[in-house]
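If you read the sequences in order, they're chains A and B. Taken in order, the first sequence gives residues 1 to 768; the numbers are from this note's numbering. Taken in order, the second sequence gives residues 769 to 1247; the numbers are from this note's numbering. Working notes, structure below.
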Amino acid sequence: MIKNNIESLFTENLPHDSAQKHVNGKARYTDDILEPNNIFYAAIGWSKKSNAIIDKINLDDVIKSEGVIDIVTYKDIPGRNDVGPVFDGDPIFPKNKVEYFGQPIFAVLATTNELARKAVLKAKISYIEKKPIITIQEAHKIKSYIFKPKQIHRGSPNIALRDAKNYLRGNFSTGSQEHFYLEGQICMTIPQEDNDLIVYSSTQHPSETQQIISKMLKIKNSSIAVKVRRIGGGFGGKETQSFIFAAICTLLANKTKLPVKLKIDRDDDIIITGKRHDFFSEYEVGFNNNGQIKGLKINLYSRCGISADLSAAINDRALFHIDNAYYIPNILVNNYYCKTNTASNTAFRGFGGPQGMMVIENIIDNIARYLKKDPTTIRKNNFYKKNTNNITHYNMKIEDNIINEIFEELITSSRYINRNKQIRDFNDKNNLIKKGIAITPVKFGISFTKNYLNQAGSLVHIYNDGSVYLNHGGIEMGQGTLTKIAQIASNELGISINKIKISETNTSKVPNTSASAASSTTDLNGAAVLNAIEKIKNNINHYVRSKYKISIDKVKYRNNKVIYRNKIFNFNDLIMESYLNRVSLSSTGFYKTPKINFDDKNFEGRPFYYFAYGAAVSEVIIDTLTGENKLTQVDILHDAGNPINENIEIGQIEGGFIQGMGWLTFEEVKWSEKGNILTHSPSTYKIPASNDTPTKFNVKLFKGNNIEKVINRSKTTGEPPLMLSMSVFFAIKDAIASVGDYKIIPKINAPATPEEILSSINIIKKNL
Amino acid sequence: MSSKIKFVYNNNIIELENIDPNETLLNFIRNNLKKTGTKEGCAEGGCGACTVVLGTLKNNKILYQVVNSCIIFVPMIHGKQLIIVEDLESKKDLHPVQKAMIKHNGSQCGFCTPGFVMSLFSMYKNNNNYTEKIIKDSISGNLCRCTGYKPIINAGKELNNYFKPDKFEINKKIDIELIKKIQNEKKPIKINYNNKLYFSPLSIKELLLIIKNNPNAKLINGGTDLALTVTKSRKDLNSLIYLGNIKELNYIKENQNNIEIGSSTPLIEIEKFISKYYSDFSEILKRYGSYQIRNIATIGGNLGTASPIGDTLPILLSLNALIITQKNNISRKILIKDFFTGYRKTKLKKNEFIKAIIIPKNKSYIFRAYKISKRYDDDISSVCMGINLNLERNIIRNIIIAYGGMSEKPKRATNCEKYLNNKNFDKETIIKSQKELLKDFNPINDMRASSEYRKNIAKNLLLKFFFEIKKNKNIRIYD
């Protein structure tokens, strides 16, 4: 165990900076910003076909519709007609072909939101339909791929498979997932003088919003300011999926020179935007009698939808996490990027990581059931070790491994062994209702895997009254990053957090920012803020040393004091004094993550600065007649390093867990054969609700430090906890296995809906 | 008739003259009151972000009921007190609910938070102690994608520690007086907004006259289904008759043999009343929809909509209920088994309306009901089943089995019933009778469930019922 040898810099677990405004309704989201008097409202008309040529398009009735004042199509785009973040492929409005059900074709501007939405329904569009490709299997069959398939490998998997004592093969799939941020996609653009634009967008990525609009309108980045105070949830769904709405809104505003708001209806939001990639895998695994994997071959298919979007990086992350916490000496993975006529799948908390991890967790679970051993033992037998078996399949040495310690501690604290026994006793006595339990680990790599994204900027002013203005590139989407970074600034300056002004993210303040994504927002932006403060302190220090002839390097900022061993200043006094003596009290800051480097071509190197770890035990009860199920207890032990704000981290862990549970249990995105998405509203797509949260829900932080120099030796908790929910899926599988007295390996895919569970049970019953 | 809508807001009476009857309360709050704390999450009553509280006067007390402001039309709040999230704090202090939410880190992104605050506020006002079950049920119509609910549940528990009267308690007398003042006017309402008509009669007599003069008007009660015509299909409802203010349609009464329920009675009241007779019925009503929906959705609306997935319908079928309708001055009685004629179609003739439903008490029968859905809370059933059995010395004297989700309409399993009647109540018979179900039903595949799964659970529920009766205990995973 890594000793907890650092005292936390942060003694107060402050609430979210906006907590009070959240509860009294005063927190403003994009739709709540005071509208200019002459604002107009937009709505999008979208494709009713998933693969078709637009034969005729007649918008006469749309234009004539009550309240409509203008309309835009592809013809109105002066520059780049694409919102693809890395690659092209996501037209704002297509010229003559539509490639998915829901693809925007045109937009209108009207006097009210309701009239705009009514108007778009009046379009008369005739299509020449082509057969759409909807499923992974359909795409793979005809080699419809976004990119060439990719192969990664280490060692000699074929030989290892041949020589291993035991062998299993099978396939497995995980489902898609709708983000269902509570605040739907929205943008408001207000034209300025010189044809400049202010864009209020609910986005995780203001800089790229700015760049995409700039290319669309052929104007300079510097003419566009994108502003975001907070967003009502993102989860990856506003990393790139917000762009098209910002683009369309701004296109209308720029064309008409009027303020425009584009607020997307929930159904349209789900229909138009991409979701989590669903994955399908085929595997062959060879292992010894202890369940240790000797060789592994996987074909890994993902449904990318119609365009590249972030699919390359998402599939990469799946490949990076196909080991989860396990040492796999010989491995080969073929990765296929299936192109389908569905909305372009995109970032979603975990970013391919969860999908990769589920593949290996399912294999491990099957190995255990094959060997008739407790899966917990097999997991432990395969863990990476400290000094041996510590090189990943992408040739990164794991230096911070704590999974063995976390697992042991959780097994004890959750009374796993006892409960497991009780559950087996219960199952012996009950035929219709069964229980199951599982413990699963998480090891998640932290950093953007595209190296250039691992940078951040900040801007800090200290005004001469001692108040501080804080700005950086991080987006507040509920994860508390603004609170944590304000805590960092407050701590660094030794002043109360009330003196720190948290400000909206604004591309005019800090340029060229990365998305708030990859769990890295606080790590990167917090460090950039530290850097800015350091520079201001240097300025002050320089002044103090020459004025007071002090030659001390160590200066402490504590309790509103600035302490030079014997000479102590009041913070406010020193700031005013510095100002009067012409010291610069404002600075930008910058940070780039050290140590990381990765060779994309050979798929090796160090893509991650560090790993975050955790483990969870879930216990479920299922009804073998209906497939209904309930999560009855969860015990989590998670690694947040030495946390900045324990309450916020625990909130991330609980919330991430429940979100992951939804993904793996009853959240189910469905399409018709023709590619129409069928689950586009809260009445057909179900995210977890209050009664899905278990009454016994124990979350603890593992005591330890980040061995890397992250602020306070903390670790991020953004994405990693989502994957703790894998334990729910395998607890369900455990309960199903009891139906066959643990002799038959259940065949079940995610999501484990009641229907999937019942079908899995019925297969076992038939084989009894 | 009056063309003014009046309601109580912030200790004042607000009057609106000829307001658009298709204007949602949410849009009114955001665009006219210019208060943006109430959020639009889905515009169909499925997420709770737009939750507000309506104070309703009952027995000289104010009931603080949550509703989804996104699917309630402004005129429907006539005679009520409107409370939105901005109203909760007093001059110097946050409301206990708000304090508890902050203390327990109940918000992350914060967008759903005002809705949760309002649901917890309603719970706080309408209950005296706040158990985990009460809390979870109270917020089950509010979705949060960030927190996983635990801190919000903890905030609910924290309310057990607050005792001081809140500002609504202090102002209660004024509010009651104001509501009474509006109600005492006793005037029916007629709105004409650019030829969009809205009527709110106070008696059946007035209703009949309005129907006669406006034969194409649509009847609206809670509107939880109909309002989506405006918010989702983006069509106008040009002529509406609101039934919610007709006292003659809102009642529950009973005699020795029957329970009679007025068609405008909200489901929430039925759920409370019926539990002593048919506890499973009550349990299913709890899962029928959120509090926001059950507070306004009515039994008459449920019957009239005749949705194949309306959860009350298979249950009423199994209970052999009787529907009382009226057209002009003629009232008739229709057995519920004859009432549903096709997909969202009923025996109701044009301008005929449902007045009441009569549910037999049938004390000698054994009744159970089951609802299978993906999510426990507020989800539409894959299959819903009501079953009612008269057993004499282990002989099935009469059995009524009805399903929702298995056909284009709520329907009885007549072949299966016929097979079972007068047979021994044993496992072998039940298993044989399962085959008969396939003659009764050929369900569809849709986003909720496959045909195969529906058939499977329809069969298995029959078996489950058998085991439960034989073992004399419920075999269920939910408490």
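Glycine included, every Cβ here is placed at the ideal spot set by N, Cα and C.
Does residue i come out as helix, strand or coil in the three-state DSSP assignment?
i	result
Tyr416(A)	helix
Leu493(A)	helix
Val583(A)	coil
His140(A)	helix
Lys802(B)	coil
Ser672(A)	coil
Thr899(B)	coil
Ser1075(B)	coil
Pro206(A)	helix
Met1174(B)	coil
Leu1103(B)	strand
Roughly how many angstroms separate the alpha carbons of residue i and residue j, rounded to a whole number?
i	j	result
Asn691(A)	Glu900(B)	10 angstroms
Phe180(A)	Ser681(A)	9 angstroms
Lys131(A)	Asn96(A)	16 angstroms
Asn896(B)	Val460(A)	49 angstroms
Met886(B)	Ser414(A)	36 angstroms
Glu998(B)	Asp1004(B)	Rather than Glu, the amino acid found at residue 998(B) in this sequence is Val. Val998(B) and Asp1004(B): Cα-Cα distance of roughly 6 angstroms.
Asp623(A)	Ser201(A)	45 angstroms
Gly1030(B)	Lys64(A)	46 angstroms
Asn1166(B)	Lys1186(B)	9 angstroms
Pro78(A)	Ile852(B)	45 angstroms
Lys1040(B)	Lys122(A)	46 angstroms
Asn4(A)	Ser858(B)	Caution is warranted here: a pLDDT of 44 is assigned to Asn4(A), below 50, making its placement in the model unreliable, and no coordinate value can be reported.
Determine whether the beta carbon atoms of residue i and residue j lie at a separation below 8 angstroms.
i	j	result
Ile298(A)	Val359(A)	yes
Asn572(A)	Tyr543(A)	no
Ile231(A)	Lys238(A)	yes
Thr189(A)	Thr273(A)	no
Glu1204(B)	Arg1136(B)	no
Leu182(A)	Phe879(B)	yes
Phe235(A)	Arg349(A)	yes
Phe729(A)	Arg1143(B)	no
Is it right to say residue i is buried, meaning 16 or more other beta carbons lie within 10 angstroms of its own, or is it exposed?
i	result
Asp639(A)	buried
Gln204(A)	buried
Leu34(A)	exposed
Ser738(A)	buried
Gly353(A)	buried
Gln192(A)	exposed
Glu1196(B)	exposed
Asp267(A)	buried
Met769(B)	exposed
Lys829(B)	exposed
Asn418(A)	exposed
Tyr452(A)	exposed
Asn1190(B)	exposed
Go through its chain and collect everything with a Cβ distance to residue i's Cβ below 8 angstroms, but skip five positions before and after it.
i	result
Pro409(A)	It is worth fixing the name first, because residue 409(A) is Glu in this sequence and not Pro. Cβ within range, chain order: Leu637, Phe702.
Asn1097(B)	Leu976
Go through its chain and collect everything with a Cβ distance to residue i's Cβ below 6 angstroms, but skip five positions before and after it.
i	result
Ile271(A)	Gly102, Ile677, His680
Asn873(B)	Pro919
Phe608(A)	Gly445, Ile446, Ser447
Gln951(B)	Gly847
Ile782(B)	Phe775
Tyr100(A)	Ser50, Ile306, Asn341, Thr342, Ala343
Residues in its own chain within less than 7 angstroms of residue i by CB, not counting five upstream and five downstream?
i	result
Asp934(B)	His863, Pro864
Thr588(A)	Gly457, Ser458, Leu459, Ala532
Any heavy atom of the ligand PLP closer than 7 angstroms to the CB of residue i?
i	result
Gln633(A)	Of ligands this structure carries none, so the ligand PLP is not represented either.
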